[in-house]
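Numbering (the UniProt record's numbering), first residue to last: 1 to 611.
Notes to accompany the following structure.
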């Protein structure tokens, strides 16, 4: 392109720079007089000339302070996904591009930089790691090749250095493979439900302390400025770029041999930036103040924008399959979800309470002294709800209307597939009453919040679930080669924690405690491949404190009694807790230790004290 051709484009445009691969023009708008720069590029084909292209563009960038528009045919792409032909992104281009300042709102700039970072990380992973098994095999082959040569003759100094490099390469790939399998093994453990054990919490806290960092450095620049710009934009405008609120859905099978969509459990994968925003709302705003602010302003605020701009994408074989907008519901893992869900369930609680006050639902009245009677109509814990009402068709009809009003007001629909009507005692016409709600009929004993409901205190079958989980975990571990120290650690961290939840409420039968301790003993002294060996030390000696020569394991019966004993302290410290009022209404204060003399309760420990 010649200078005359550029000048012939018309008034207000003039040639300002002509390089080897580009031509730059400064434009002045006739309307507002604003000046901006456009650079037209025709990139070279050879890799050697591309270095000169990026150097030329870097020099042009420092010539003017006006807005700069860059376009043309670069003969190279920034992102691998945009490339249809062969070719690689040179390090020179990557270094040049990292210095570009993306214009636009702060959230857009940050999202654009993260998009570029994601592609660079994919490229880095492919170039640095590649196929671990193949790279390890190739490195091992090189080492064996040098060993074969060394058996025939002595290696020269150059060859010795090459053999050393081959060994170092092999050790590197072996180390990477170990990290890879360690991550996979962690996933297997998490699938077995161990993410809440104290062992994993301690390990995570230790890693968190070791790996703690106050800020992230990217090419010598921190992301602090971009993050602060995002928060300022959200604070000033109550909005941010919607792509930061995209959520991936992973479908985890609830059981083996799944066939229907309902057999999967959806898990939400939220972006880290959104979690930071929501966490600030979580920690700094109180729900009542937010609602009052909305009412005064007459407009929707931050929380509404956070939950109304959600888009989901289901990961199919690890690949996103398009996005669709959310119309209702809350996301798992969103810091705002627990508060918003509690606000919604409060509506259900108020509806049930008003229905009980109006005589439509009577609930269960507990009293030993009429002056201390307590009425229990419902219990709520997260999305688990239990409602007590009379075994009458009219009561179930009224309850159905309450649930209908709650659905109409909140948009939360009752999952009838997971709901049931459970009769207590002999109840006639229970099928007709269940039809009023539209759910199935259950029976006692059942499970509520992971604990047996209405199971006899000495019923051994109530502990079958704990014993089964212990055996299932042992069947997984027996396939692994574990030292005695590793087995001891697993017993303390995992096997001993399985029954804790149930032992904190119920007394474990001695026969169940003996069976679980036998499983622990056999595992501790077991053979290398799951076989059995002689027990070298009595179990009583193993359970002695380490300071006295034992291994520090805890006897289940003693631990069970200690866990139950905590309720004595909680009862003494509690004042207005509802569970304390229920116990006092049923057993009376004197029976629970309010009077003189020694009293023993269902926990098997002294609940009062001598005067």
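Where a beta carbon is used, it is the ideal one built from N, C-alpha and C, also for glycine.
Remember, it's a predicted structure, so these values are computed and weren't measured experimentally.
Query	Result
Validate contact between the stretch 360-369 and the stretch 378-389 using beta carbons, cut 8 Å, 3 pairs	yes
Rounded C-alpha distance that separates residue 335 from residue 394	40 Å
Buried or exposed (CB count within 10 angstroms, at least 16 for buried), residue 267	exposed
Uninterrupted alpha helix (DSSP H) stretches inside the stretch 311-358 (no shorter than 4 residues)	337-357
Spatial distance of residue 373 from residue 331 (CA atoms)	40 Å
Residue 23 - partner residues in DSSP beta bridges	18 and 40
Burial state of residue 170 (16 or more Cβ within 10 Å)	buried
Span separating the alpha-carbon of residue 337 from that of residue 251	20 Å
Under the three-state DSSP convention, the category residue 375 falls into	strand
Span separating the alpha-carbon of residue 36 from that of residue 55	21 Å
Cβ of residue 230 within 8 Å of any chain C Cβ	Among the protein chains of the structure shown there is no chain C, as only one such chain exists.
Contact check, residue 376 vs residue 582, beta carbons under 8 Å	yes
Span of the beta strand (DSSP E), counted from its first residue to its last, around residue 366	364-366
In DSSP terms, what residue 421 is bridged to	441
Which residues DSSP lists as bridging residue 69, in chain order	38
Element boundaries [alpha helix (DSSP H), containing residue 414]	Segment: none, residue 414 is in no alpha helix (DSSP H) and carries neither H nor E.
Residues bridged to residue 170 (per DSSP)	Paired residue(s): none; residue 170 is not in a bridge.
Residue 234, buried or exposed, once every other Cβ within 10 Å from all chains shown has been counted against 16	buried
Buried or exposed (CB count within 10 angstroms, at least 16 for buried), residue 342	exposed
Residue 472 - partner residues in DSSP beta bridges	Answer is none; residue 472 lacks a bridge partner.
Residue 248 (DSSP reduced to helix, strand or coil)	strand
Ordered list of alpha helix (DSSP H) runs contained in the stretch 535-598, each at least 4 residues	539-542, 556-573 and 578-587
Straight-line Cα distance separating residue 499 from residue 466	6 Å
Contact set for residue 309: own chain, Cβ-Cβ below 7 Å, skip 5 residues either direction	242 and 245
Neighbour-count burial assignment, residue 191, 16 or more Cβ in a 10 Å radius	Note on residue 191: pLDDT 42, under 50, position unreliable in the model; no value is reported.
Option nearest residue 107 by Cα separation, candidates 230, 419 and 438	230
Bridge partner(s) assigned by DSSP for residue 386	379
Identity of the residue in 420, 403 and 419 nearest residue 412 by Cα	403
Unbroken alpha helix (DSSP H) run spanning residue 268, endpoints	Where residue 268 is concerned, there is no enclosing alpha helix (DSSP H), although the beta strand (DSSP E) it sits in stretches over 264-269.
Whole-angstrom distance between residue 451 and residue 537, CA atom to CA atom	35 Å
Residues near residue 463 in its chain [Cβ-Cβ closer than 8 Å; skip 5 each side]	499, 502, 508, 509 and 512
Selection from 261, 140, 247 and 265 that minimises the alpha carbon distance to residue 271	247
Cβ neighbours of residue 401 in the same chain (closer than 7 Å, five flanking residues each side left out)	none
Beta carbon of residue 396 nearer than 8 Å to that of residue 345	no
Residue 410 versus residue 483: straight-line alpha-carbon distance, rounded	55 Å
For residue 368 and residue 587, the rounded distance between their alpha carbons	7 Å
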